[in-house]
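Colleague:
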Amino acid sequence: MSKAVRIPAIDLQGTDALLLYAASERSADLYWATDFMAPDPFHYLCDGKRSWVLVKDLELDRARDQSCCDVLALTDFEPEEGARGSSLHNALRKLGFQNLLVPADFPVATANQLSDAGFVVRAAGEPLFAERAIKTPQQIEAVVSTQAAAEASMAAAVDALTQARIEGDQLWLGDGPLTSERVRRTIHHVLLDHDCTGHHTIVAGGEQAIDPHQAGHGPLPAHAPIIIDIFPRADHSGYFGDITRTFVRGQVSEEVQRLYDTVLAAQLEALAAIRAGADGAKIHRSVQQHFENANYRSGEIDGRMQGYFHGTGHGVGLEIHEAPSLGRRADILAAHQTLTVEPGLYYAGLGGVRIEDLVIIEADGYRNVTTFPKQLQL
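This note's numbering applies: residue 1 is where the sequence shown begins, and numbers increase by one.
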């Protein structure tokens, strides 16, 4: 092992040890606790004083080199021929762990097998590792690096929109329509050049943009808002970035310009309130009030959700959505958290506008690590 052992601050609730079983490529908690990225499930144990990973021979040397835990070989605990039980059961007994705390998403079948073997299994509450929301300088740098890649890909998307010509009510580039899919491929190619991967990147124009999580498809409209939301994950670190901008290629109507100006003003108001100790729910309510004061109604209108019907922001790290939250829940912000600020408005007949920056919370304010211009008309 090349790293100091990490011991998470967790309440074991009277149990002997915390047990996780997952593939760390898909489990932010497991990767954070181990620093070991693996595509296949492995076991993690922590008794509050020591931590271990239990891996197959295939991953043994890599785990020893990369993990911040003590490494145990699964084969060292294999049952003798004809004996009941499993390598995990034998390892737990060897370590003296009978009562186990597991996360809420622990595999039910594995929990049942443990219970059948005489172990006591208790589910932990969430979040499992509350301290994961507070980023180290290295983790902040990882987020900032991914954000830079996101901005580079946003620049490529804007370049495509700017080069597009207007044919009727559509954008064309080269010998065909400029589609959401074409712009998304451009974004993803740039992300790959920065060792990042984009998933579900949003390039949605016109009526499609009324649904905040609509990825977008087909030809992009001229003279209408186009929302581009890029939230890549770095292949080497596992950390995300997140940026959203709204553009119009062509003429901007007075209604869309007012919509954009109102969203931008709401974002600036929310940003001004960001600091350690601030109440995320209060910031969210202030954005809601800002929109109400501007006479923008929110809720179900004509059979669909319109107006402002999502949170104002969320934490970003090993997950794209993690603590803290700027929403209905009363999360108190803390220094060294990474947070998005992304108000938006969405109306049938107008389209949607969303503007999103990623910031680092500081004791007396914030540091905005998003530098991309906020320019509506292209």
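The beta carbon of each residue, even a glycine, is placed where N, CA and C say it ideally should be. Keep in mind that this is a model prediction, so the values were computed, not measured.
Can you check which of these residues, ASP57, LEU45 and ALA142, is closest to GLY238 by C-alpha distance?
Modeller: Of the candidates ASP57, LEU45 and ALA142, the one whose C-alpha sits nearest the C-alpha of GLY238 is ALA142.
Colleague: Which residue's Cα is closest to the Cα of SER27: LEU101, GLY365, GLU78 and ARG132?
Modeller: Out of LEU101, GLY365, GLU78 and ARG132, ARG132 has the C-alpha closest to the C-alpha of SER27.
Colleague: Take GLN66 and list the residues in its own chain whose beta-carbon comes closer than 7 Å to its own, dropping the five residues that flank it on each side.
Modeller: Closer than 7 Å at Cβ, skipping near neighbours: ASP35 and PHE36.
Colleague: What are the boundary residues of the beta strand (DSSP E) that GLY168 is part of?
Modeller: It is not in any beta strand (DSSP E) - GLY168 carries neither H nor E in the DSSP assignment.
Colleague: If you drop the 5 nearest sequence neighbours on each side, which residues of the same chain put their C-beta closer than 6 Å to that of PRO219?
Modeller: Cβ within range, chain order: GLN170, PRO177 and THR179.
Colleague: Going by Cα to Cα distance, which pick from LEU358, ALA334 and LEU333 is closest to PRO343?
Modeller: Checked all of LEU358, ALA334 and LEU333; the closest Cα to PRO343 is LEU358.
Colleague: Less than 8 Å between the beta carbons of LEU20 and LEU30, yes or no?
Modeller: It is a contact, given that the beta carbons lie within the stated cut-off.
Colleague: In chain order, which continuous runs of the beta strand (DSSP E) of length 3 or greater are located wholly inside the stretch 29-78?
Modeller: Segments of the beta strand (DSSP E) lying fully in the stretch 29-78: 42-46, 51-55 and 70-73.
Colleague: So, using beta-carbon positions, are PHE119 and LEU100 closer together than 8 Å?
Modeller: Cβ atoms of PHE119 and LEU100: closer than 8 Å.
Colleague: Is ASN295 helix, strand or coil by DSSP?
Modeller: In the structure shown, ASN295 sits in coil (DSSP, three-state: anything other than H, G, I, E or B).
Colleague: In whole angstroms, give me the CA-to-CA distance for ARG185 and ARG50.
Modeller: If I take the Cα positions, the gap works out to 45 Å.
Colleague: On the criterion of 16 or more Cβ atoms from any shown chain inside 10 Å, does PHE107 qualify as buried, or is it exposed?
Modeller: The sequence shown places Pro at residue 107, rather than the Phe named in the question. Exposed, because fewer than 16 other Cβ atoms sit within 10 Å of the Cβ of PRO107.
Colleague: Using a Cβ-Cβ cutoff of less than 7 Å, which residues in the same chain neighbour THR338 once the five nearest sequence positions on both sides are dropped?
Modeller: So the qualifying residues of the chain are LYS135, ILE140, VAL143, GLY315, VAL316, GLY317, LEU358 and ILE360.
Colleague: Classify ASP193 as buried or exposed, calling it buried when 16 or more other Cβ atoms lie within 10 Å of its own Cβ.
Modeller: By the 10 Å Cβ count, ASP193 comes out exposed.
Colleague: Flag this pair as touching only if the stretch 159-166 and the stretch 199-206 have three or more C-beta atom pairs under 8 Å; answer yes or no.
Modeller: As far as the Cβ criterion goes, the stretch 159-166 does not touch the stretch 199-206, which means the pair count is below three.
Colleague: Can you check whether the CB of LEU191 is closer than 8 Å to the CB of SER153?
Modeller: Yes, the pair counts as a contact, with Cβ atoms nearer than the cut-off.
Colleague: List the endpoints of the continuous beta strand (DSSP E) containing THR246.
Modeller: Counting along the chain, the beta strand (DSSP E) containing THR246 begins and ends at 243-248.
Colleague: If I measure Cβ to Cβ from ILE389 and keep anything under 6 Å in the same chain, skipping five residues before and after, which residues do I get?
Modeller: This structure gives no information on residue 389, because the portion of the chain shown stretches from 1 to 378.
Colleague: Below 8 Å CB to CB, which residues in the same chain sit around ILE7 once its five sequence neighbours on both sides are set aside?
Modeller: Once the five neighbours on either side are set aside, the close Cβ partners of ILE7 are CYS46, GLY48, LYS49, ARG50 and SER51.
Colleague: Can the beta-carbon of THR262 be found closer than 8 Å to that of VAL287?
Modeller: No, these two residues do not count as a Cβ contact at 8 Å.
Colleague: If you run the structure through DSSP and keep just helix, strand and coil, what is GLY206?
Modeller: Helix at GLY206.
Colleague: Under a three-way DSSP split, which group does ASP229 fall into?
Modeller: Correct three-state label for ASP229: strand.
Colleague: ILE10 lies in the alpha helix (DSSP H); which residues open and close that run?
Modeller: Looking at the DSSP string, ILE10 is not in any alpha helix (DSSP H), and its letter there is neither H nor E.
Colleague: At what residues does the alpha helix (DSSP H) containing ASP261 begin and finish?
Modeller: Looking at the DSSP string, the run of the alpha helix (DSSP H) that includes ASP261 is 254-272.
Colleague: Taking ARG275 and TYR346 to be in contact with their CB atoms under 8 Å, please state how far apart those CB atoms are, rounded to whole angstroms.
Modeller: Not a contact, Cβ separation roughly 29 Å.
Colleague: Decide if ILE227 is buried, meaning its Cβ has at least 16 other Cβ atoms within 10 Å, or exposed.
Modeller: Classification of ILE227: buried, given that the 10 Å Cβ count is 16 or more.
Colleague: Should ALA111 and VAL121 be called a contact, given that it needs their Cβ atoms to be closer than 8 Å?
Modeller: Yes.
Colleague: Quick one: residues in its chain with C-beta nearer than 7 Å to the C-beta of CYS68, no 5 flanking neighbours on either side, listed in chain order?
Modeller: Only LYS3, ALA4, VAL5, ARG6, THR34 and ASP35 meet the Cβ criterion.
Colleague: If you count every other CB in all the chains shown that lies within 10 Å of the CB of ILE301, and 16 or more means buried, which is it?
Modeller: The residue in question, ILE301, is exposed, as its Cβ has fewer than 16 Cβ neighbours within 10 Å.
Colleague: What does a CB cutoff of less than 6 Å around ALA63 pick up in its chain, not counting 5 residues either side in sequence?
Modeller: Answer for ALA63: PHE36, VAL53, VAL55 and VAL71, listed in chain order.
Colleague: Quick check: ILE355 and ARG245, are their CB atoms within less than 8 Å of each other?
Modeller: Yes, Cβ-Cβ distance for ILE355 and ARG245 is below 8 Å.
Colleague: Given this structure, state the Cα-to-Cα distance separating THR15 from HIS336, to the nearest angstrom.
Modeller: C-alpha separation (whole angstroms): 31 Å.
Colleague: What residue does the beta strand (DSSP E) around ALA22 start on, and which one ends it?
Modeller: 17-22 is the extent of the beta strand (DSSP E) around ALA22.
Colleague: Kindly indicate if chain D contains any beta-carbon less than 8 Å away from that of ASP16.
Modeller: In the displayed structure, chain D is absent; only one protein chain is listed.
Colleague: Let me know if GLU78 comes out buried or exposed under the rule of 16 or more other beta-carbons within 10 Å of its beta-carbon.
Modeller: Answer is exposed; the Cβ neighbour count stays below 16.
Colleague: From what residue to what residue does the alpha helix (DSSP H) around ALA91 run?
Modeller: From DSSP, the alpha helix (DSSP H) with ALA91 extends over 87-95.
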